[in-house]
Amino acid sequence: MKILVAVKRVVDYNVKVRPKSDGTDVDIANAKMSINPFCEIAVEEAVRLKEKGVATEIIAVSMGPKQAQEQIRTAMALGADRGILVETDVELQPLAVAKCLKAIIDKETPDLIIMGKQSIDADNNQTGQMLGALTGMPQGTFASEVTVADGKVNVTREVDGGAQTVALTLPAIVTTDLRLNEPRYASLPNIMKAKKKPLETTSPEDLGVDAAPRVQTLKVEPPAERQAGIKVADVAELVDKLKNEAKVIS
Amino acid sequence: MSILVIAEHDNASLKGATLNTIAAAKAIGGDIDVLVAGSDCSGAVQAAAAVSGVAKVINADNSAYANQLAENVALLVAELGKNYTHILAPATSNGKNIAPRAAALLDVQAISEIVSVEAADTFKRPIYAGNVIATVQSSDAIKVITVRGTAFDPVPADGGSATVEDSSLSTDAGISSFVSEELAKSDRPELTAAKIVISGGRGMQNGDNFEMLYSVADKLGAAVGASRAAVDAGFVPNDMQVGQTGKIVAPDLYVAVGISGAIQHLAGMKDSKVIVAINKDEEAPIFQVADYGLVADLFDAIPELDSSL
Chain A
304 MKILVAVKRV VDYNVKVRPK SDGTDVDIAN AKMSINPFCE IAVEEAVRLK EKGVATEIIA
364 VSMGPKQAQE QIRTAMALGA DRGILVETDV ELQPLAVAKC LKAIIDKETP DLIIMGKQSI
424 DADNNQTGQM LGALTGMPQG TFASEVTVAD GKVNVTREVD GGAQTVALTL PAIVTTDLRL
484 NEPRYASLPN IMKAKKKPLE TTSPEDLGVD AAPRVQTLKV EPPAERQAGI KVADVAELVD
544 KLKNEAKVIS
Chain B
31 MSILVIAEHD NASLKGATLN TIAAAKAIGG DIDVLVAGSD CSGAVQAAAA VSGVAKVINA
91 DNSAYANQLA ENVALLVAEL GKNYTHILAP ATSNGKNIAP RAAALLDVQA ISEIVSVEAA
151 DTFKRPIYAG NVIATVQSSD AIKVITVRGT AFDPVPADGG SATVEDSSLS TDAGISSFVS
211 EELAKSDRPE LTAAKIVISG GRGMQNGDNF EMLYSVADKL GAAVGASRAA VDAGFVPNDM
271 QVGQTGKIVA PDLYVAVGIS GAIQHLAGMK DSKVIVAINK DEEAPIFQVA DYGLVADLFD
331 AIPELDSSL
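Chains A and B are the protein sequences, given in the same order. Heads up, the final residue of the first sequence is numbered 553 in this note's numbering, and it's a clean run with no missing numbers. Heads up, the final residue of the second sequence is numbered 339 in this note's numbering, and it's a clean run with no missing numbers.
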């Protein structure tokens, strides 16, 4: 089976992002960029399915500026066979991303699409679900376990009260949660090999997608700061403060 | 304006997150209808009809909606939602699963996890794990939104008398089915609904030591949570995780025990009213957000706290 994996280029999770002083946008000039951690888990899952003999080919797709090639190369170094970059300088929102993915899926006809549940920049958690709606495919979101068998995929999902398992017909969409797997590190020989793997470039226009944003960001600001309080000397003082000052316990 | 709120429920009863979502709907203003999509869900329907400020409850009682399968419920929401200016769902795992799928069916860019309503088309929402708050404006005709419950005080669960309308729609996509569910059983309050939360981190050292927290929690009527470090170390199951990638909580009192205070954890609890940190490392970042900090070995402090309650 063919697997399509979507990967997003985001500010590295170790970078603490701040708004620009004029409040128009976040300041990410010169910030270290990486593959979104949830997307990395998606690539790892696809590679494991290939190693088990379930998958035969893995296509990594990314969207954004030319530099998003780096994240596709990272996916290739982890085991993806080829890549597609949807190049654009427009800010792509989840609906536009889902529409571009739908156009690629119509051409490539993968059996399984694996993607991160959310990106750690915009924190939307929407694209997989939207892609499900546009393609008419079922969705196994927030996956902690994925099993492909008998023309179906069983997905165990992390839900509020614990875990839920659903059975989905193929083709299907899976979005990854943190505990699905622990991604491997790319080896140097694999990083070198990835540079020679085929990478095709297209654009939202070529795919027939109107990528114009529907939601406009008017302002960004830091969250309300919490003032540090006081240090208490011992447990007795803590209990006294909670009872008599904060009045949160009785 | 007319607003459709998707109820969070377990068929028998309405979940608290629905009341926070209705509060966000009130902040937008207009008629508020509540959709209860379930199976044998008359208990939840009656509870929804009693909620203050609800005009109409749509009762979609159908086996296709028994397990909140997104493929089926999103078709229903998109069909009903055409008649509304706003569709609101709680930012629970169900809401996050269903709302974007319904939005795409309506060709709408959804807005996730709003924390305030600035105008009928303008909202605030956290990005970058809560390090930045963005004010965003939607140009779509229908606004599809998920609501972060901790940011809106719940409306009263009683005092309303909504009409109930049965939906005759049956939207079974036939592409997904429920297999099984393993829900954590606990006599303690739910993390996201508890007035007091006590959480343990890597400093707890192992799962057995969480018994100390359970004992304190039971005296305080508190829920017990954990940091991602404690979950990833296998001390406790993942449904206890508080943080950006776990549950977002904002109780009256949050007690962080042996938690250093990584950004991702702070994002999940920094809106709590009173924060207590107990940690033996006085440089731990958690102390920068704590109202009361106690620099102490938790293995001394927690038993002492337990016996003084």
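Glycine included, C-beta positions come from ideal geometry on N, C-alpha and C.
{"Asked": "Against chain A: residues of the stretch 190-208 of chain B by CB proximity under 7 angstroms", "Found": "205, 206, 207 and 208"}
{"Asked": "As assigned by DSSP and simplified to three states, the class of residue 84/B", "Found": "coil"}
{"Asked": "Pairwise C-alpha distance: residue 159/B and residue 366/A", "Found": "22 angstroms"}
{"Asked": "Rounded straight-line distance, which links the Cα of residue 116/B to that of residue 190/B", "Found": "21 angstroms"}
{"Asked": "Spatial distance of residue 27/B from residue 112/B (CA atoms)", "Found": "Only positions 31 to 339 of chain B appear in the structure, and residue 27/B is not among them; the question remains open."}
{"Asked": "Chain B contacts made by the stretch 441-475 of chain A, where a contact means CB separation under 7 angstroms", "Found": "441, 442, 444, 445, 457, 461, 462, 463, 464, 465, 466, 467, 468, 469, 470, 471 and 472"}
{"Asked": "7 angstroms Cβ shell around residue 402/A - same chain, five flanking residues per side excluded", "Found": "437 and 512"}
{"Asked": "Assigned exposure category for residue 229/B - 16 Cβ within 10 Å defines buried", "Found": "buried"}
{"Asked": "Three-state class that DSSP yields for residue 102/B in the structure shown", "Found": "helix"}
{"Asked": "Complete runs of the beta strand (DSSP E) confined to the stretch 318-359 of chain A [at least 3 residues]", "Found": "336-338"}
{"Asked": "Segment contact flag, the stretch 117-126 of chain B with the stretch 31-39 of chain B, C-beta cutoff 8 angstroms, min 3 pairs", "Found": "yes"}
{"Asked": "Beta-carbon proximity list for residue 294/B, same chain, < 8 angstroms, skipping 5 on both sides", "Found": "159, 258, 273, 274 and 275"}
{"Asked": "Distance between residue 178/B and residue 249/B (C-alpha atoms, nearest Å)", "Found": "29 angstroms"}
{"Asked": "Chain B within 9 angstroms of residue 387/A, Cβ atoms only", "Found": "no"}
{"Asked": "Closest residue to residue 473/A among 391/A, 397/A, 454/A and 464/A (Cα-Cα distance)", "Found": "454/A"}
{"Asked": "Residue 199/B (DSSP reduced to helix, strand or coil)", "Found": "coil"}
{"Asked": "Residue 393/A burial status per 10 Å Cβ neighbour count (16 or more: buried)", "Found": "exposed"}
{"Asked": "Limits of the alpha helix (DSSP H) - the one that residue 329/B falls within", "Found": "328-338"}
{"Asked": "Contact check, residue 502/A vs residue 370/A, beta carbons under 9 angstroms", "Found": "no"}
{"Asked": "8 angstroms contact criterion, which residue 65/B and residue 107/B should meet: CB distance rounded", "Found": "7 angstroms"}
{"Asked": "Interface partners of residue 525/A on chain B, CB under 9 angstroms", "Found": "161, 162 and 163"}
{"Asked": "Cβ shell of residue 423/A (< 7 angstroms), same chain only, five flanking positions each side left out", "Found": "313, 316, 339 and 340"}
{"Asked": "Against chain A: residues of the stretch 310-325 of chain B by CB proximity under 7 angstroms", "Found": "317, 318, 319, 320, 321, 322, 323, 324 and 325"}
{"Asked": "CB contact flag (residue 483/A, residue 523/A, <9 angstroms)", "Found": "no"}
{"Asked": "Between the CA atoms of residue 329/B and residue 225/B - distance to the nearest angstrom", "Found": "24 angstroms"}
{"Asked": "Touching by the beta-carbon criterion (3+ pairs, under 8 angstroms), the stretch 147-157 of chain B and the stretch 66-81 of chain B", "Found": "no"}
{"Asked": "Burial state of residue 446/A (16 or more Cβ within 10 Å)", "Found": "buried"}
{"Asked": "Within-9 angstroms CB hit, residue 480/A to chain B", "Found": "yes"}
{"Asked": "CB of residue 288/B within 9 angstroms of CB of residue 233/B, strictly", "Found": "yes"}
{"Asked": "Residues bridged to residue 322/B (per DSSP)", "Found": "533/A and 306/B"}
{"Asked": "Three-pair Cβ contact test at 8 angstroms for the stretch 174-188 of chain B versus the stretch 311-320 of chain B", "Found": "no"}
{"Asked": "For residue 166/B, the residue or residues it bridges with in DSSP", "Found": "520/A and 153/B"}
{"Asked": "Cutoff 9 angstroms: residue 406/A Cβ touching any chain B Cβ", "Found": "no"}
{"Asked": "Whole-angstrom distance between residue 244/B and residue 217/B, CA atom to CA atom", "Found": "11 angstroms"}
{"Asked": "Helix, strand or coil at residue 228/B [DSSP, three-state]", "Found": "strand"}
{"Asked": "Closer than 7 angstroms at the beta carbon, the chain B residues around residue 544/A", "Found": "322"}
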